[in-house]
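Q: Letter by letter, the sequence shown follows residues 2 to 493 of our numbering.
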Amino acid sequence: MHASDRGPNSAEGHGEPLRAVWGRIQRELRGAIRREQFETWFRRTTLTAVTEGTAVIAVHNRFTRDWLRNYYMDVLVPCVAKVLGSAHEIRFDIDPESTAPELCPPLPPDPDSVGEDEDGTRSAAQAPAPPAALPLSNANVLPGRLLESSDVVLNPHYRFDNFVVGPCNRFAHAASVGVSESPGLTYNPLFLHGSVGLGKTHLLQSLCHSVFEREPGARILYLSCETFVNHFISALENGDLEKFRHKYRNVDILVVDDIHILANKERTQEEFFHTFNTLYNAGKQIVLSSDSPPVDIPTLQERLVSRFKWGLVTEVEPPCYETRMAILKRKSRERGREIPDDVARVLAEHIDSNIRELEGAVTKVLGFASLSGQPITTQLVRQCLREHFAARPHQPSIEDIQRAVTERFGVKLSDLQSKKRTNAIAYPRQIGMFLARKITRMSLEEIGGYFGGRDHTTVLYACQKLERLSKEDPSCHELLTSLSYEIRGTQA
Ligand code: ADP
Ligand code: MG
């Protein structure tokens, strides 16, 4: 029977139906905690009696009762007191019938019941339903600050606002924003991977800033994986594993940067596995970054690989040209002097795989210009980043290759791209494809596209044929060597 059906049952001294009283308490609660927390923990509970200084609240299971007792008394007690007019002791009744069934939130799994397949693995599809998010407990926490055992202080510039979004990082950015808005509920774990200098740490720290903006008392532990490993080793040596575990498992959000450091560290992997399980089962958020996807981390236990895939694994890719331009513009503006477009173009063309290097180049160019009192020109850039330009000669393009081939054989580009199959045309075309494969980083399909829209098997055939010929026929070998030399040489 639902509490409100109990007719005459009313709050002591109020003459008001319990349902209405509970409605008012719910409104107080809603003002005191986040919406998700309210929906998860208080939407379904009801007030079933108020007698002699005690308010009885019905909950639908033991887990909810324990949860409310452990984490919500400091909100519940004052809200009840405010509505009832005086302090009341709270008693919980496990009474599924009295609770509101139509608004049943997904039930958190029993913390002890997350099983494994026999081999200790479970695929992403078999991941347990994520438990409801924990209320972010804020005892003994300095507002807006990472937990003391963290090994970094958040960089004030690493914020979502300062992050330039492009096709290379759009998804990683959106996922990080999503997680910061409802930790434990959106993607758990969030696993960002990508090579160095592409913004993983920037995103991780932005996520923390953003959580603190909503919830200054959130308990966030932020560590490099190396620190986790070191703490674990010294805990083993000093025999205080219990303390270690307490510290790592008593958080709302655990962020571990560069988790690939777990490679080849079997004991630490084992410990991390248990930390992961404890936090995950309690609905706490885990955020990880790595230089490679879980499956490519050497010797990472299969059960960790599968857990890392339970939430969302997403790559931060190297920025495309347009994103590099936007980053250059943004970074120079942040430093108080925007670099002209032609200068940005030269930088974006030469520094193409690492945002940290792009940033370093901006700093250097602006510094050089201001110290020497010169305007920011492409010439100045070449001068102050000389080593950069010398170290990275321009890659020959497929057009350079086609030009060399047409000149050497006296054929036209349109011939190379035509359907003609006479040997006089087909042979230079095959040489062009072979050299493109050797010299550029293009795929077979892409190369085929430059030679009249041919299919990748045609390109593969040409490459294999010339590989063989160059071994069997010295004149062919010589031809290919001299063409390669010419193409690379003209580009130095
Ligand atoms: P990672 O952790 O992937 O090695 P970082 O997060 O340390 O890379 O990024 C390197 C530098 O590049 C940082 O100073 C960061 O602010 C900057 N950066 C990376 N990506 C972006 C971006 N999309 N927009 C603005 N700055 C970026
Ligand atoms: Mg990093």
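Where a beta carbon is used, it is the ideal one built from N, C-alpha and C, also for glycine.
1. With a cut-off of 8 Å on the beta carbons, I'd call V84 and E29 a contact; round off their distance for me.
2. Three or more beta-carbon pairs under 8 Å between the stretch 167-176 and the stretch 272-279, yes or no?
3. If you measure from the CB of T315, is any heavy atom of the ligand MG nearer than 7 Å?
4. Check whether the stretch 209-219 touches the stretch 148-165, taking contact to mean three or more Cβ pairs, one atom from each stretch, closer than 8 Å.
5. Nearer than 7 Å: is that true of the beta carbon of T202 relative to any heavy atom of the ligand MG?
6. Cβ atoms of I340 and V306: under 8 Å apart, would you say?
7. Which residue wins for smallest C-alpha separation from L205, given the options G454, V51, L289?
8. Am I right that V347 and T324 are in contact with their C-beta atoms under 8 Å? What's the rounded C-beta distance?
9. Roughly how many angstroms lie between the CA atoms of C321 and L48, to the nearest whole one?
10. What three-state label does DSSP hand R325 in the structure shown?
11. What first and last residue would you give for the beta strand (DSSP E) that runs through R442?
12. Check T1 in the structure and name its three-state DSSP category.
13. Quick check: does the Cβ of S151 come within less than 7 Å of any heavy atom belonging to the ligand GTP?
14. If you reduce the DSSP assignment to three classes, tell me which class T55 lands in.
15. Compute every distance between the C-beta of L191 and the non-hydrogen atoms of the ligand ADP, then say whether any falls below 7 Å.
16. Does the ligand MG have a heavy atom nearer than 7 Å to the CB of S354?
17. Are the stretch 452-472 and the stretch 427-441 in contact at 8 Å, needing three or more beta carbon pairs?
18. Please determine whether the Cβ atom of S290 lies at a distance below 7 Å from any heavy atom of the ligand MG.
19. Of all the CB atoms in chain B, is at least one closer than 8 Å to the CB of S196?
20. Applying the 10 Å Cβ sphere with the 16-neighbour rule, what's the burial state of T46?
21. Might you give, ordered along the chain, the residues of its own chain that have their beta carbon closer than 7 Å to the beta carbon of A126, omitting 5 neighbours on each side?
22. Anyone know if the C-beta pair for G200 and V314 falls short of 8 Å?
23. For N71, count the other beta carbons within 10 Å of its own beta carbon; 16 or more makes it buried, fewer makes it exposed. Which is it?
24. Distance check for I26 and V81, CA to CA, integer angstroms please.
A: In short, the structure shows the following:
1. 6 Å
2. no
3. no
4. yes
5. Distance from the C-beta of T202 to the nearest heavy atom of the ligand MG is below 7 Å.
6. no
7. L289
8. Rounded, the Cβ-Cβ distance is 16 Å, inconsistent with contact.
9. 58 Å
10. helix
11. For R442, there is no enclosing beta strand (DSSP E), as DSSP marks it with neither H nor E.
12. One cannot answer for residue 1 here, as it falls past the ends of the chain, which runs 2 to 493.
13. Absent from the structure shown: the ligand GTP. Ligands present: the ligand ADP and the ligand MG.
14. strand
15. no
16. no
17. yes
18. yes
19. Within the model displayed, chain B is absent; a lone protein chain is all it includes.
20. When all chains shown are included, T46 counts as buried.
21. Here the model assigns A126 a pLDDT of 39, short of 50, so the residue's position is not dependable, and the following value carries that caveat. Cβ neighbours of A126 beyond the five flanking positions: none.
22. Not in contact: G200 and V314 (Cβ atoms no closer than 8 Å).
23. Residue environment analysis places N71 among the exposed positions, since fewer than 16 neighbouring C-beta atoms fall within 10 angstroms of its C-beta.
24. 6 Å
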